[in-house]
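J.: Input: one structure, supplied below.
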Amino acid sequence: MKNGTRKTYGRHLFIAVYRYFIFFISMCFVITCCMILFLNTVERVTGLELSEEYVGAAAKVTFLNIVLLSAVFTIADAVRRHVMIDIPVKRITDAAEKVMKGDLSVRIEKIRRPDSEGGFNIVIEYFNKMTEELSGIETLRTDFVSNVSHELKTPLAVMQNYGTLLQEPGLSEEKRIEYAKAVTDASRRLADMVSNILKLNKLENQNIYPDVKRYDLGEQLCECLLGFESVWEDKGIDIETDIADGVSITADPELLSLVWNNLFSNALKFTEPGGRVSVMLSADDTFAVVTVADTGCGISREVGSHIFEKFYQGDTSHAAKGNGLGLALVKRVVDIVGGEISVESEVGKGSEFTVRLGRDCGISQDDDGGVLRRCMRYSAWNGGIYDRAFRGKAQEAECFGRQPRGDVPR
């Protein structure tokens with residue numbers, strides 16, 4: 066390494082000496098030509114014939130002046146280059162070497178000279194921006210590894226502890242079921258977290274080529290929501306939907322299903338038994354807007370500003386309910402499809418997430434509007450069970466034919 070540095074330094078020194086030697090010779094030539102031109106002009110204008118003695122003496126003085134002036138110009142240029150070029154370049158290369166060794170706290174001060182506000186200061190500005198971004202990325206990476214380690218360790222510890230308890234002799238059937246359920250829940254949480262990490266890593270670090278197609282967004286929302294039917298029934302949560310009919314968009318349905326599943330899962334997870342979750346879909350000729358609201362614990366404004374960051378959970382008292390990856394995944398998918406997502410929340414009153422997506426055409430008008438909404442309310446209020454959401458008058462009778470009691474809430 067040191068030998069390589071010496072060779073590089075020697076090569077640069079040779080190039081510098083050679084460059085200044087060429088500059089010196091060039092200056093001598095230029096000044097000599099100027100002096101000859103001056104003497105010829107004087108002789109031609111005045112008509113005087115210069116004696117050989119005068120010419121010889123003048124030649125000696127001229128030669129000394131040429132050498133002196135050339136040396137002065139060469140030294141001045143060397144100083145100028147050193148101050149204006151070599152020093153800034155060395156500062157930048159030294160800083161780059163520190164970054165290469167892992168020191169991302171390096172910053173370069175701008176050159177404070179009136180004639181140096183150009184190229185080097187632009188390079189320095191972008192260098193500082195680069196190191197700042199790299200420092201932030203490194204911090205996120207460190208936090209990510211730390212959080213992943215913690216999140217992996219927690220369910221593993223639960224599984225280990227309850228697995229040990231399950232091996233105790235004379236364990237009652239009730240306790241055995243309780244411990245087995247704890248192990249199952251911890252393993253499910255671990256599997257969900259690993260799955261989300263893999264999905265998020267793929268979305269962030271690989272080129273995504275969405276499988277774009279035209280499909281009905283309302284039907285997708287209902288299918289995703291029905292996948293959580295057992296959850297809302299077990300907790301006694303009321304589901305309210307107001308889904309406009311015929312809202313079709315051009316997007317990747319598989320990617321967007323990640324968004325709806327995570328939003329629905331969070332809404333149901335953080336809503337207490339007997340609470341309410343609302344899903345709304347509206348649209349105009351340009352945009353489709355999906356709103357998922359709940360009456361859960363809510364979040365503060367400060368937490369809301371960080372809610373889409375990886376592993377950020379805000380209220381640690383609810384940390385056991387999630388791993389802080391779902392909303393980061395949601396935000397990444399929404400960004401990929403060119404949409405927008407926002408959150409409004411108040412502590413103790415619930416949260417409302419709004420997703421705004423672009424679409425190519427308006428709402429198709431037909432006479433079947435509201436059927437899907439009524440079917441969904443029927444499922445939430447009266448306990449009806451479907452394999453899928455029905456649409457259209459031909460299937461309306463079948464949809465409501467499963468009503469076990471009462472009338473369908475409108």
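According to the working numbering, the sequence shown is numbered sequentially starting from 66. Backbone N, C-alpha and C fix where the C-beta goes; we use that ideal spot for every residue, glycine too.
#1: Whole-angstrom Cβ separation of Arg341 and Glu305, contact assumed at under 8 Å?
#2: Is it right to say Cys98 is buried, meaning 16 or more other beta carbons lie within 10 angstroms of its own, or is it exposed?
#3: Suppose you measure from the CA of Glu417 to the CA of Lys194; what does that come to, to the nearest Å?
#4: What did DSSP end up calling Val132 once you bin it into helix, strand or coil?
#5: Since Ile314 and Gly283 are thought to touch, with beta carbons under 8 Å apart, how far apart are those beta carbons, to the nearest angstrom?
#6: Measure the CB-CB distance between Cys317 and Val354 and report whether it falls below 8 Å.
#7: Quick check on Gln225: buried or exposed, where buried means 16 or more other Cβ atoms within 10 Å of its Cβ?
#8: Between Ala247 and Val223, is the Cβ-Cβ spacing less than 8 Å?
#9: Is Phe79 helix, strand or coil when you go by DSSP?
#10: Distance check for Asp310 and Cys289, CA to CA, integer angstroms please.
#11: With a threshold of 8 Å between beta-carbons, can Gly391 be considered close to chain C, or not?
#12: Buried or exposed: Thr106, going by 16 or more other Cβ atoms within 10 Å of its Cβ?
#13: Beta-carbon within less than 8 Å of Ser322's beta-carbon, same chain only, minus the 5 sequence neighbours each way: which residues are those?
#14: Is the beta carbon of Pro338 closer than 8 Å to that of Gly301?
#15: Of the residues Phe185, Thr249, Ser200, Glu233, which one's Cα is nearest the Cα of Leu221?
#16: When the Cβ atoms of the segment 391-398 are set against those of the segment 323-331, are three or more pairs found closer than 8 Å?
#17: So which of Thr419, Val344, Glu108 has the shortest CA-CA distance to Phe352?
#18: Do you know offhand how far Glu198's Cα is from Val137's?
#19: So, is Ile372 buried or exposed, given that buried needs 16 or more other C-beta atoms within 10 angstroms?
#20: For Gly435, which residues of its own chain have a beta-carbon under 6 Å away from its beta-carbon, when the five flanking residues on both sides are left out?
#21: Would Ser135 and Met92 qualify as a contact pair, given that the criterion is a beta-carbon distance under 8 Å?
#22: Does Thr336 pass the burial test, meaning 16 or more other C-beta atoms within 10 Å, or should it be called exposed?
#23: What does a CB cutoff of less than 8 Å around Asp431 pick up in its chain, not counting 5 residues either side in sequence?
#24: Report buried or exposed for Ile150, applying the criterion of at least 16 other Cβ atoms within 10 angstroms of its Cβ.
#25: Grab the span of the alpha helix (DSSP H) containing Met165 for me, first residue to last.
#26: Anyone know if the C-beta pair for Asn327 and Leu255 falls short of 8 Å?
#27: Alpha carbon to alpha carbon, how far is Ser214 from Gly466? Give it in angstroms, no decimals.
#28: Would a C-beta distance cut-off of 8 Å place Ala358 and Ser347 closer than the cut-off?
#29: CB Ile364 to CB Val296, shorter than 8 Å?
#30: Opposite Leu422 in the DSSP bridges: which residues?
#31: Can you grab the Cα-Cα spacing for the pair Arg421 / Glu405, in whole Å?
#32: Determine the burial state of Arg253: buried for a count of at least 16 other Cβ atoms within 10 Å of its Cβ, exposed for fewer.
#33: Can you list, in chain order, the residues of its chain whose CB lies under 8 Å from that of Val171, leaving out five sequence neighbours each side?
#34: What residues in its chain sit with their C-beta under 6 Å from that of Arg424, if we drop five residues either side in the sequence?
#35: Take Ile187 as the anchor and find which of Ala141, Asp257, Glu118, Pro153 has the nearest alpha-carbon.
T.: In short, the structure shows the following:
#1: Position 276 of the sequence shown, counted from the start, is the residue given in the question as residue 341. Position 240 of the sequence shown, counted from the start, is the residue given in the question as residue 305. Indeed they touch by this definition, with Cβ atoms about 6 Å apart.
#2: Numbered from its first residue, the sequence shown carries residue 98 at position 33. Burial call: exposed.
#3: Taking the sequence shown and counting its residues from 1, one reaches residue 417 at position 352. Taking the sequence shown and counting its residues from 1, one reaches residue 194 at position 129. Between the C-alpha atoms of Glu417 and Lys194 there is a straight-line separation of about 35 Å.
#4: One-based indexing of the sequence shown puts residue 132 at position 67. Val132 falls in the helix class under three-state DSSP.
#5: Residue 314 sits at position 249 when you count from the first residue of the sequence shown. Residue 283 sits at position 218 when you count from the first residue of the sequence shown. That pair is no contact at about 10 Å.
#6: As a first step, residue 317 is located in the sequence shown; it is residue number 252 there, counting from the start. As a first step, residue 354 is located in the sequence shown; it is residue number 289 there, counting from the start. Here the sequence assigns Asp to residue 317, which means Cys is not the residue at that position. Cβ atoms of Asp317 and Val354: not closer than 8 Å.
#7: To locate residue 225, count along the sequence shown from 1; it is residue 160. When all chains shown are included, Gln225 counts as exposed.
#8: Here residue 247 refers to the residue found at position 182 of the sequence shown. Here residue 223 refers to the residue found at position 158 of the sequence shown. Taking 8 Å as the Cβ cut-off, Ala247 and Val223 qualify as a contacting pair.
#9: The residue given as residue 79 occupies position 14 in the sequence shown. Helix, per DSSP.
#10: Taking the first residue of the sequence shown as 1, we reach residue 289 at position 224. Taking the first residue of the sequence shown as 1, we reach residue 310 at position 245. Going from the Cα of Cys289 to the Cα of Asp310 covers about 16 Å.
#11: Given the protein chain composition of this structure (a single chain), no chain C is represented.
#12: Within the sequence shown, numbered from 1, the residue matching residue 106 stands at position 41. So Thr106 counts as exposed.
#13: Position 257 of the sequence shown, counted from the start, is the residue given in the question as residue 322. Closer than 8 Å at the Cβ level, and outside the excluded window around Ser322, lie Gln285, Cys289.
#14: The sequence position of residue 301 within the sequence shown is 236, counting from 1. The sequence position of residue 338 within the sequence shown is 273, counting from 1. Yes; because the gap between Cβ atoms is below 8 Å, this pair is in contact.
#15: Counting from 1 along the sequence shown, the entry for residue 221 is found at position 156. Minimum Cα distance to Leu221 is reached at Thr249.
#16: yes
#17: Position 287 of the sequence shown, counting from 1, holds the residue named residue 352. Ranking Thr419, Val344, Glu108 by Cα distance to Phe352 puts Thr419 first.
#18: As a working mapping, residue 198 is identified with position 133 in the sequence shown. As a working mapping, residue 137 is identified with position 72 in the sequence shown. If I take the Cα positions, the gap works out to 45 Å.
#19: Within the sequence shown, residue 372 is the residue found at index 307, counting from 1. With 16 or more other Cβ atoms within 10 Å, it is buried.
#20: Within the sequence shown, the letter at position 370 stands for residue 435. Confidence at Gly435 is low in this model, with a pLDDT of 39, below 50, so the placement of that residue is unreliable and no value is reported for it.
#21: Against the sequence shown, residue 135 aligns to sequence position 70. Against the sequence shown, residue 92 aligns to sequence position 27. Cβ distance < 8 Å, so Ser135 and Met92 count as in contact.
#22: On the sequence shown, residue 336 is found 271 positions in, with the first residue counted as 1. That one is buried.
#23: Reading the sequence shown from its first residue, position 366 is the one you call residue 431. Confidence at Asp431 is low in this model, with a pLDDT of 40, below 50, so its placement is unreliable and the value that follows should be read with caution. So the list reads Asp310, Gly311, once near-sequence residues are dropped.
#24: Position 85 of the sequence shown, counted from the start, is the residue given in the question as residue 150. It is exposed - the Cβ of Ile150 has fewer than 16 other Cβ atoms within 10 Å.
#25: Looking up residue 165 in the sequence shown gives position 100. From DSSP, the alpha helix (DSSP H) with Met165 extends over 152-165.
#26: On the sequence shown, position 262 is the one that residue 327 refers to. On the sequence shown, position 190 is the one that residue 255 refers to. Contact: no.
#27: Stepping through the sequence shown from its first residue, residue 466 is reached at position 401. Stepping through the sequence shown from its first residue, residue 214 is reached at position 149. Unreliable placement is indicated for Gly466, whose pLDDT of 39 sits below 50; the coordinate value is still reported in the next sentence. Going by the C-alpha atoms only, they are around 51 Å apart.
#28: As a first step, residue 358 is located in the sequence shown; it is residue number 293 there, counting from the start. As a first step, residue 347 is located in the sequence shown; it is residue number 282 there, counting from the start. Going by C-beta atoms, Ala358 is not nearer than 8 Å to Ser347.
#29: Position 299 of the sequence shown holds residue 364. Position 231 of the sequence shown holds residue 296. Taking 8 Å as the Cβ cut-off, Ile364 and Val296 do not qualify as a contacting pair.
#30: The residue given as residue 422 occupies position 357 in the sequence shown. The partner list for Leu422 (beta bridge, DSSP) reads Ala353.
#31: Numbered from its first residue, the sequence shown carries residue 421 at position 356. Numbered from its first residue, the sequence shown carries residue 405 at position 340. C-alpha separation (whole angstroms): 5 Å.
#32: Taking the sequence shown and counting its residues from 1, one reaches residue 253 at position 188. Under this definition Arg253 is an exposed residue.
#33: Position 106 of the sequence shown, counted from the start, is the residue given in the question as residue 171. These residues qualify, in order along the chain: Ala160, Lys163, Val164, Thr196.
#34: Mapped onto the sequence shown, residue 424 falls at position 359. Excluding the 5 residues flanking it on each side, Arg424 has same chain C-beta neighbours closer than 6 Å at Ile314, Ala353, in chain order.
#35: Within the sequence shown, numbered from 1, the residue matching residue 187 stands at position 122. Selected option, being the one with the closest Cα: Pro153.
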